[in-house]
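Here the structure comes first, spelled out in structure tokens, and everything after it is commentary.
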Ligand code: C2E
Ligand code: MG
Ligand code: MG
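In our numbering, the protein residues as written are 1193 to 1689.
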């Protein structure tokens, strides 16, 4: 308000002075009037400029310093990085960029609100400052991410950065007292070092980001250093993601079916639907590689629906050709089961293709049970009630909590192929397999062994009383067209006659 009125006061003063001067008895030359006006104007201009510079300074400060955390802002820390690159280049020194990202910060915001979240960020910023070396430049990138820049002396190499990263994680991950609440938060760090892994600010930041992303996917609360391999892997993953979206649109994926065999009678008792993708540019890509990418990017949702629909379409076609089809197992990722409309859509699809639910088995891994046990238990019970059979896949590789087997309505346990692979030569794998089989039987569950490739493995599994087997010894996954002529399916159909 004061600033706004200054020019009125100045002009009024000059105007009044002019009037007074013209009313004076002495003769006033125009030079006097102009001098007075000039004086007034220069006074006003000075005031105006002072205000202008003060405002400019405060705006600049706001651009340079983040108001919330008091650290360098995103804009300024990038300027600092540019500057440090220039000096590091001139002094032939290395420079480290550490991106720190808080783990599950969203949970704090969701649970306690943004005000508490903001206060926590301030605390984290202070703790980060206190644990970083004096020469470090620290900035806030926004959200839950911070950037630490460190010009390295010649004797400060990777081990120094490893110790620093561990130290930062340790300190930042301690509890915080915010508004009488004790909050716990972890963090992950990604490091990229100039000049090996980025010659300019943008590349260095991108690579540190990639490393932190890697740290997050490796389970969080850890650090990763960017290296060339990570860059190549990332580029391939991005390529796979793009091509996979396209493959889904063009329907250039296929579902193949691998028979499951009763180990006593050696008859086909089921099949597992497995995705196959032969891309024009990437060649054959294994589901072991593209399914995790589909899961991370959300493609798994339309892809999973497509697998169900495609499998049901094949079942219908085989039935129309008069072929007897054994139950078919479909793999389901956690993200699919977490959708509230999962079962409604599945039931609608079963009805659309007139498929009996008893012809469907769903394979889930343990990860879903750990993430959301209660919701998952409800869903599995509903699925079981409508006649869908359930299998716990890759058993033995995850947490393998026995309570899942006791409390949830599973029908099958699939022992992961890593155990079967070494079962003949590795006594501990043999003992574990034997124990899983006995335990599952005592809980009235059937056991399927994955990845049987030799007669020796088969003999041992029979000895342990394993019920069902799957593996290259019996058959690889077959395309839908070749299935009808497969000896195992032919035998299944002859037996029914
Ligand atoms: P999985 O569900 O455990 O499937 C068994 C894997 O073992 C399949 O690999 C199968 O081809 C392979 N296999 C079977 N017998 C043998 C054998 O004797 N030796 C060896 N070395 N391997 C054998 P695949 O097809 O590469 O699939 C890998 C994983 O990708 C699957 O593991 C499953 O977790 C996932 N996957 C495949 N299709 C789908 C899908 O439609 N949806 C979802 N969500 N996941 C899928
Ligand atoms: Mg499976
Ligand atoms: Mg498996």
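We treat Cβ as the ideally placed atom computed from N, Cα and C, and that holds for glycine.
Separation of residue 1684 and residue 1582 (C-alpha to C-alpha, rounded to the nearest whole angstrom) is 22 Å. Around the C-beta of residue 1407, 16 or more other C-beta atoms lie within 10 Å, and the residue is accordingly described as buried.
Judged by DSSP secondary structure, residue 1450 falls within the beta strand (DSSP E) whose first and last residues are 1445 to 1454. In the structure shown, the three-state DSSP call for residue 1286 is strand. DSSP places residue 1267 in the helix class (H, G or I) of the three-state scheme. Annotated three-state conformation of residue 1548 is coil, per DSSP. Burial is judged here by how many other beta carbons sit within 10 angstroms of a residue's own beta carbon; residue 1462 has at least 16 and is buried.
Taking 4 residues as the shortest admissible run, the stretch 1343 to 1391 contains the following complete alpha helix (DSSP H) segments, listed from N- to C-terminal end: 1350 to 1364. Here residue 1640 carries a strand assignment [DSSP, helix/strand/coil]. Listed in chain order, the alpha helix (DSSP H) elements of length 4 or more contained wholly in the stretch 1597 to 1685 are 1609 to 1613, 1619 to 1634, 1647 to 1656, 1672 to 1675. Taken from the Cβ of residue 1480, at least one heavy atom of ligand 1 lies inside 7 Å. Within the stretch 1468 to 1513, the runs of beta strand (DSSP E) that reach at least 3 residues and sit entirely inside it are, in chain order, 1475 to 1477. If you check the CB distance, residue 1574 and residue 1523 do not come in under 8 Å. Counting every other CB atom within 10 Å of its CB across the protein chains shown gives residue 1567 a total below 16, marking it as exposed. Nearest in C-alpha terms to residue 1306, of all of 1260, 1244, 1290, 1632, is 1260. Minimum Cα-Cα distance from residue 1562 among the listed residues 1526, 1531, 1647 corresponds to 1526.
In the structure shown, residue 1568 adopts helical secondary structure according to DSSP, grouped into three states. For ligand 2, residues qualifying as neighbours are 1464, 1523, 1555, 1585, where qualification means a beta carbon closer than 6 Å to at least one of its heavy atoms (chain order).
Distance from the CA of residue 1542 to the CA of residue 1314, rounded to the nearest whole angstrom, comes to 53 Å. When the Cα atoms are used, residue 1322 and residue 1328 turn out to be separated by approximately 11 Å.
The bridge partners DSSP lists for residue 1464 are 1450, 1521. Under the three-pair Cβ rule at 8 Å, the stretch 1603 to 1611 counts as touching the stretch 1623 to 1635.
Beyond the five residues adjoining it in sequence on each side, residue 1367 comes within less than 8 Å, by CB distance, of 1374, 1375, 1376 in the same chain, given in chain order. Taking 8 Å as the cut-off, the beta carbon of residue 1506 is found closer than this to the beta carbon of residue 1447. Restricting attention to 1658, 1633, 1648, 1284, the CA atom closest to the CA of residue 1641 is found in 1658. Shortest gap from the CB of residue 1642 to any heavy atom of ligand 3: under 7 Å.
Remark: the shortest separation between the CB of residue 1434 and any heavy atom of ligand 1 does not fall under 7 Å. Contact check between the stretch 1507 to 1520 and the stretch 1533 to 1549: three or more CB pairs, one atom from each, fall below 8 Å, which counts as touching. The Cβ-Cβ distance between residue 1286 and residue 1352 does not fall below 8 Å. Under the DSSP assignment, residue 1584 falls in the beta strand (DSSP E) whose first and last residues are 1581 to 1587. The residue from 1577, 1652, 1416, 1425 with its alpha-carbon nearest to that of residue 1624 is 1652.
Counted as a single uninterrupted DSSP element, the beta strand (DSSP E) harbouring residue 1331 occupies residues 1329 to 1334. For residue 1405, the enclosing alpha helix (DSSP H) covers residues 1393 to 1409. According to the DSSP assignment, residue 1416 belongs to the beta strand (DSSP E) that extends over 1415 to 1417. Nearest to residue 1601 by C-alpha distance, out of 1619, 1391, 1638, is 1638. Taking 8 Å as the upper bound for CB-CB distance, residue 1481 and residue 1435 are not in contact here, some 12 Å apart.
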